[in-house]
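Under UniProt numbering, read the sequence shown as residues 1 to 153, first letter to last.
Worksheet: the structure to be examined is printed underneath.
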Amino acid sequence: MTLEGIDELDQTILYMLQRDARKTTSNDIAEAAGVSASTVRNRIERLEENGILQGYDADVNYEQAGYQLYTLIICSASVRNREELAEAALNVPGVVRVTEVMTGENNVHVSVVGNDSDDLSRIGRELDELGLEVVDEDLIRNEYTCPSDDFKC
């Protein structure tokens, strides 16, 4: 399957960077793809400029970092305010990720860290003050990710 706007080399680059962006060099990708390292660097730059490659995120173990609680707060927002409220939620201390959901009433998912229930209560109040209705809270044990199989060549 070829995805629109990216070719096999782009797919290889995206796959390898998703697996481990920190330890993967342009030379590693070039060797795997059979092209020069400068070609890979140019392609990465193009993927960044086109908004396909948007960053290189650290995978943080919040428990090891000293946070006792890693929680998913499920919120509801009106469709017309959803994007604005989701972005505003990132400014609440303790919020580490916000996902804007396209369908359903529970359309803003906010991942937060804290050390105790007081932290979670404060975050919930601040989200409420922004205009997000807190619907549910779920304690997160682990999160797992992997590169999209569509990027394997």
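Built from N, CA and C at the ideal position, the CB exists for glycine as well.
As the structure is a prediction and not an experimental result, all values here were calculated from the model.
Check your understanding: Which ranges would you report for the alpha helix (DSSP H) in the segment 14-71 if only whole runs of at least 4 residues count?
Key -> Complete alpha helix (DSSP H) runs here, min 4: 26-33 and 37-49.
Point to revise | Reference residue 76; option with closest CA among 65, 120, 93 and 100 | key: Nearest C-alpha to residue 76: 100.
Review point. In the structure shown, what three-state DSSP assignment does residue 85 receive?
Key: Here residue 85 sits in helix by DSSP.
Exercise for review: Could you check if residue 102 is buried or exposed, using at least 16 other CB atoms within 10 Å of its CB as the buried criterion?
Suggested key: With fewer than 16 Cβ atoms within 10 Å of its Cβ, residue 102 is classed as exposed.
Check your understanding: Cα separation between residue 151 and residue 118?
Key -> For residue 151 and residue 118, the distance between alpha carbons rounds to 43 Å.
Review point. Looking only at its own chain, which residues have a Cβ that is under 8 Å from the Cβ of residue 24, when we skip the five neighbours before and after it?
Key: A distance below 8 Å between beta-carbons, with the five flanking residues on each side excluded, links residue 24 to the following residues of its chain, in chain order: 16 and 17.
Point to revise | residue 68 classed as buried or exposed, judged by whether at least 16 other C-beta atoms fall within 10 angstroms | key: When all chains shown are included, residue 68 counts as exposed.
Point to revise | Close-in-space but distant-in-sequence residues of the same chain around residue 126 (CB under 6 Å, 5 per side omitted) | key: So the list reads 92, once near-sequence residues are dropped.
**Study point:** Own chain, CB closer than 7 Å to residue 2, minus 5 neighbours either side, in chain order
**Key:** Summary for residue 2: the model assigns pLDDT 45, below 50, so the residue's position carries little reliability; its value from the coordinates is reported in the next sentence. So no residue of the chain qualifies.
Review point. DSSP state of residue 99, grouped into three classes?
Key: Strand.
Exercise for review: Report yes if the C-beta distance between residue 89 and residue 110 is below 7 Å; otherwise report no.
Suggested key: One thing to note: residue 89 has its Cβ within 7 Å of the Cβ of residue 110.
Check your understanding: How long is the line joining the alpha carbons of residue 63 and residue 120, rounded to whole angstroms?
Key -> Each residue's Cα considered, the two are about 15 Å apart.
Review point. What is the rounded straight-line gap between the Cα of residue 137 and the Cα of residue 35?
Key: Computed Cα separation, rounded: 48 Å.
Practice item. Identify whether residue 124 lies in helix, strand or coil by the three-state DSSP scheme. Key: It is helical.
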